[in-house]
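Read through the structure below, which is laid out as structure tokens, and then see the notes.
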Amino acid sequence: MRVMFIVLVTMLILFYLRSRKKKPAVLQPVIAPDHMHTMLEAHVAFYRKLDQESQGRFRSRVQHFLDTTRISPVDGVTVTELDRLYVASSAIIPIFHFDDWAYNNLDEVLLYPGTFSQDLDHEAAERNVLGMVGDGAMHRMMILSQPALRSGFEQSGAGNTGIHEFVHLLDKADGATDGVPEYMIPKDLVAPWMRQMHRTIQQIREGESDINPYAGTNEAEFFAVLSEYFFQKPQFLKEHHPELYAILDKVYHR
Ligand SMILES: [Zn+2]
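The sequence shown begins at 6 in the working numbering and counts up by one.
Structure representation (structure tokens):
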């Protein structure tokens, strides 16, 4: 009887801890599928290229992301429905071919009115940061500049700040933000990827590359910037950097 009691209490405690750890639902209005389709079709190129069945899957992934992640305005920003769809699309595009993946390391995305500095003061003199994955007190948070988020989808350039930051989260999932996403990259491609990565970083630093010099900062930035190219300008990457393209194609299970 006493053993039963102890077992029961233990089970209750475990159940309590488990339920506490679960991400709370985020109460925001559900976006009707037809309306979401119209919005995504008009504003998200990645979605436009999917077939009908895949578009349905994309929409339900987007809705699930919005149901489980808060998107909050900072300092006078108004978060529009389209902003929420941009954030969710940035999240889902890199993991779209991983059916059961979700961002368990993220609770909230903050939208800032403009760029901000490393210490999060967006009125400081040096305001050059477009997005950031939080650490320490900002753990489980992401910060995005609202204009940068929008322009990633509204201009047809190689850059996409939203995708860039979500790729950092994927990189971080194995504990180290080091340009090697261990849960995604096939084991036998780790060495070739690192070789290609270091060779290309060297070329960037020597000014002999057509890749955004920011990718030369370190391995994590290299992986994030190259992933932006991969999703925004796949043809460019395929033609100019076929080896990098081939590896990323396998990393993202396309
Ligand atoms: Zn970055």
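For every residue, glycine included, the Cβ atom is placed at its ideal position computed from N, Cα and C. Please read all numbers here as calculations on a predicted model, not as lab measurements.
Here the distance from the Cβ of HIS48 to the nearest heavy atom of ligand 1 is not below 8 angstroms. Ordered along the chain, residues surrounding ligand 1 are HIS169, HIS173, GLU226, ALA229 [Cβ under 6 angstroms from any heavy atom]. Within the model, the alpha-carbon separation for GLY136 versus PHE227 is close to 15 angstroms. One alpha carbon belongs to ALA163, the other to GLY157, and they sit about 8 angstroms apart. When the five nearest sequence neighbours on each side are left out, the beta carbons in the same chain lying within less than 6 angstroms of the beta carbon of LEU45 are those of TYR52, in order along the chain.
In terms of Cβ geometry, VAL67 and LEU116 do not form a close pair [threshold 9 angstroms]. SER150: member of the beta strand (DSSP E) spanning 146-150, first to last residue.
Judged by DSSP in its simplified three-state form, ILE98 adopts helix. Around PRO38, the same chain offers ARG64 as residues with beta carbons nearer than 7 angstroms, after the five sequence neighbours per side are excluded.
Non-local C-beta neighbours of VAL138 in its own chain, meaning closer than 7 angstroms and more than five positions away in sequence, comprise MET147, GLU170, HIS173, LEU174, LYS177, ordered along the chain.
By the Cβ neighbour-count rule, THR43 is exposed, with fewer than 16 other Cβ atoms within 10 Å of its own.
When secondary structure is reduced to three states using DSSP, LEU175 falls in the helix class. When the five nearest sequence neighbours on each side are left out, the beta carbons in the same chain lying within less than 6 angstroms of the beta carbon of PRO186 are those of LEU175, ASP176, in order along the chain.
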